[in-house]
Amino acid sequence: MKKCLLCEQGFTPVISFAKIFSLKKYRELKICRHCQKQFQRLTGKQCAICSRMLDKGIICNDCERWKRIYQGDVLRNHALYRYDSTFHDLMVSYKRRGDYAMREILQELCYEFLVKNKYDYYVPVPTSPEHQQRRQFDTISAIYGDILPLTTVLIKKEGSHAQGEKNKEERLKTPQSFLVDKTINIRENKQTGKVLILDDIYTTGRTLYYARDCLKEVFPGMQIESFSICR
Ligand SMILES: [Zn+2]
Ligand SMILES: [Zn+2]
262 MKKCLLCEQG
272 FTPVISFAKI
282 FSLKKYRELK
292 ICRHCQKQFQ
302 RLTGKQCAIC
312 SRMLDKGIIC
322 NDCERWKRIY
332 QGDVLRNHAL
342 YRYDSTFHDL
352 MVSYKRRGDY
362 AMREILQELC
372 YEFLVKNKYD
382 YYVPVPTSPE
392 HQQRRQFDTI
402 SAIYGDILPL
412 TTVLIKKEGS
422 HAQGEKNKEE
432 RLKTPQSFLV
442 DKTINIRENK
452 QTGKVLILDD
462 IYTTGRTLYY
472 ARDCLKEVFP
482 GMQIESFSIC
492 R
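According to my numbering, the sequence shown holds residues 262 to 492 in order.
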């Protein structure tokens, strides 16, 4: 019997053999089936660029705008879940209240995708120095650092406000707040020719496009994509 990290009820993790063999490193489940079902997977018709669920068309309105701004050079974002109230509550516990254990639930939700899809470099979106100090950990690196080798080459400028505190208009008008850390030595690892930027939630795309702008000088000629647990 294990205790579910979310509802604290005891549960017996059910593991199929197929699942054990398909995953190189097997992770023990942290939440029960009931809680797992509360998170809504993105299903059906999705935006071909950012994974957002769509009623009609191929590309969502946000991506249409990025397509115009970046002259067609859009950022392919992979996302798995809808940002609904269940997710909102989880992120409040994790980010606002600084409940470090919640990262294990986030890891569970995206683990399978991340071990299946290979990239040469995984670059986490950094937390602002002020926020990191308040929580004592970097929220994005804490989620992905246990699963993937991270290349922490982006720095968030001091004094730049967190996107979570802004409305949509303000988010889009935010100036570039990332810098490249020139002291980081990037290990040679070119197999796929691809880089994956890691974030938790894709809201307008502003943060991830700025991250990509910076990474283009670090990884010239490589294909840069992004991953967010939610869209
Ligand atoms: Zn539960
Ligand atoms: Zn889109």
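Glycine included, each C-beta is placed from N, C-alpha and C at the ideal position.
Computed from a predicted model, the values in this text were never measured in an experiment.
Asked	Found
Tell me whether Cys268 counts as near ligand 1, meaning its Cβ is closer than 6 Å to at least one heavy atom of that ligand.	yes
Give the DSSP-derived three-state secondary structure of Cys265 in the structure shown.	coil
Rounded C-beta distance between Phe348 and Phe300? I'm assuming under 8 Å.	7 Å
Going by alpha carbons, who is nearest to Gln297 out of Leu367, Ser312 and Glu431?	Leu367
If Ile408 sits next to Phe439, beta carbons under 8 Å apart, how far is it from one beta carbon to the other, in whole angstroms?	That belief does not hold up - the Cβ atoms of Ile408 and Phe439 are roughly 23 Å apart, past 8 Å.
Could you tell me the boundaries of the alpha helix (DSSP H) in which Phe348 lies?	Ser346 to Met352
Could you check the C-alpha separation between Pro390 and Phe272 for me, to the nearest Å?	38 Å
In whole angstroms, what separates the C-alpha of Tyr355 from that of Thr400?	8 Å
Taking Leu411 as the reference, which of Asp460, Cys475 and Lys264 has the closest Cα?	Asp460
Taking the alpha-carbon positions, what's the Phe488 to Asp316 distance?	22 Å
For the pair the stretch 372 to 382 and the stretch 448 to 463, tell me if three or more CB-CB distances fall below 8 Å.	yes
Using only the heavy atoms of ligand 1, determine whether one of them is closer than 6 Å to the beta carbon of Lys475.	Before going on, a small fix: residue 475 reads as Cys here, not Lys. Outside the cutoff, so no.
With a cut-off of 7 Å, does the C-beta of Glu391 fall near any C-beta of chain C?	The structure shown has no chain C; it contains just one protein chain.
I want to check one thing, is the minimum distance from the CB of Arg467 to the heavy atoms of ligand 2 below 6 Å?	no
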